[in-house]
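S.K.: Got a structure for you, written out below as structure tokens; questions coming shortly.
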Amino acid sequence: MAAGFYQFYLFPSENRVLLSDEFIEFIGDEYVPFDSFVSELLSIEHIIKYSPKDKWPSFDDECYYCYDDGMNMIEMELNAGTKEEKITEISVRTSLYKSYGNISITIDFCREICNRSNLKAWDMKLKHVIDFNNQKHIKSVINKFESYKKM
Numbered sequence: 017m018a019a020g021f022y023q024f025y026l027f028p029s030e031n032r033v034l035l036s037d038e039f040i041e042f043i044g045d046e047y048v049p050f051d052s053f054v055s056e057l058l059s060i061e062h063i064i065k066y067s068p069k070d071k072w073p074s075f076d077d078e079c080y081y082c083y084d085d086g087m088n089m090i091e092m093e094l095n096a097g098t099k100e101e102k103i104t105e106i107s108v109r110t111s112l113y114k115s116y117g118n119i120s121i122t123i124d125f126c127r128e129i130c131n132r133s134n135l136k137a138w139d140m141k142l143k144h145v146i147d148f149n150n151q152k153h154i155k156s157v158i159n160k161f162e163s164y165k166k167m
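Per my numbering, residue 17 is the first one in the sequence shown, and the count goes up by one each step.
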């Protein structure tokens with residue numbers, strides 16, 4: 017997914033993260049069933065199917081969703097754009113520089129999805145798992161978002 021965004025990766029809580037200088041990988045046998053996750057996702061107010069402008073033509077449209085309440089927008093990509101029975105990662109991002117980017121709404125959204133589906137959230141800018149019950153973690157995410165907005 018593109019630069020100019022604040023991004024989280026959601027992944028099954030029993031799995032672990034392998035981070036190197038070149039990539040991030042989620043290791044483990046746990047997954048979220050695709051169809052039931054999408055049904056749960058679409059039950060959330062303001063969630064719609066979505067096709068981002070920067071999506072590769074070979075990626076599956078069924079892997080893209082968006083939270084759009086008319087003022088704020090959060091984009092989601094399931095399994096790096098590949099529809100499979102099992103979801104092992106969910107990219108969630110909001111814009112850093114456009115008016116519809118809102119980190120507080122994104123944090124609340126990620127918290128809700130993680131709680132509903134037993135997921136953890138990896139912050140791509142801070143490079144660690146975010147504990148949504150830890151106010152220091154939440155404050156560090158907000159501060160990082162704001163520092164990037166000033167760049």
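Beta carbons are placed, not taken as given, at the ideal position from N, Cα and C, and that holds for glycine.
Cβ atoms of Gly-20 and Ser-111: under 8 Å apart, would you say?
M.R.: By 1-based counting over the sequence shown, the position of residue 111 is 95. By 1-based counting over the sequence shown, the position of residue 20 is 4. Contact: yes.
S.K.: Among Asp-37, Phe-42, Ser-36, Glu-38, which one has its Cα closest to the Cα of Tyr-25?
M.R.: Residue mapping note: residue 25 aligns to position 9 of the sequence shown, counting from 1. Residue Phe-42 is the option with its Cα nearest to Tyr-25.
S.K.: Give me whichever residues DSSP pairs with Gln-23 in a beta bridge.
M.R.: As a working note, residue 23 is residue 7 in the sequence shown. Paired residue(s): Arg-109.
S.K.: From the DSSP secondary-structure annotation, give me the bridge partner or partners of Pro-49.
M.R.: Sequence index remark: in the sequence shown, residue 49 carries index 33 (1-based). Bridge partners of Pro-49: Lys-102.
S.K.: Which one or two residues does DSSP pair with Lys-65 in a beta bridge?
M.R.: Taking the first residue of the sequence shown as 1, we reach residue 65 at position 49. DSSP output for Lys-65 lists Tyr-81 as bridge partner(s).
S.K.: Sort Ile-119, Phe-50, Thr-122 by Cα distance to Glu-78 and report the nearest one.
M.R.: As a working mapping, residue 78 is identified with position 62 in the sequence shown. Answer by Cα proximity: Phe-50.
S.K.: Pull up the DSSP beta-bridge partners for Ala-137, would you.
M.R.: The sequence position of residue 137 within the sequence shown is 121, counting from 1. Answer is Leu-26, Ile-146, bridged to Ala-137.
S.K.: How long is the line joining the alpha carbons of Met-167 and Phe-75, rounded to whole angstroms?
M.R.: Working through the sequence shown from its first residue, we reach residue 167 at position 151. Working through the sequence shown from its first residue, we reach residue 75 at position 59. So the two alpha carbons sit approximately 31 Å from each other.
S.K.: Go through its chain and collect everything with a Cβ distance to Met-140's Cβ below 6 Å, but skip five positions before and after it.
M.R.: Here residue 140 is taken as the residue at index 124 of the sequence shown, counted from 1. Around Met-140: Gln-23.
S.K.: Who does Val-185 pair with in a DSSP beta bridge?
M.R.: This structure gives no information on residue 185, because the portion of the chain shown stretches from 17 to 167.
S.K.: Can you check which of these residues, Gly-86, Lys-114, Ser-52, Cys-126, is closest to Phe-27 by C-alpha distance?
M.R.: Within the sequence shown, residue 27 is the residue found at index 11, counting from 1. When each option's Cα is compared against that of Phe-27, the closest is Cys-126.
S.K.: Pull the bridge partners of Met-87 from the DSSP assignment, please.
M.R.: Position 71 of the sequence shown, counting from 1, holds the residue named residue 87. The partner list for Met-87 (beta bridge, DSSP) is empty, contrary to what the question assumes.
S.K.: Tell me the rounded alpha-carbon separation between Lys-160 and Leu-142.
M.R.: Counting from one through the sequence shown, the residue named residue 160 turns up at place 144. Counting from one through the sequence shown, the residue named residue 142 turns up at place 126. Whole-angstrom Cα-Cα distance: 8 Å.
S.K.: Mind checking who Glu-128 pairs with in its DSSP beta bridge?
M.R.: For this step, residue 128 is matched to residue 112 along the sequence shown. Answer is none; Glu-128 lacks a bridge partner.
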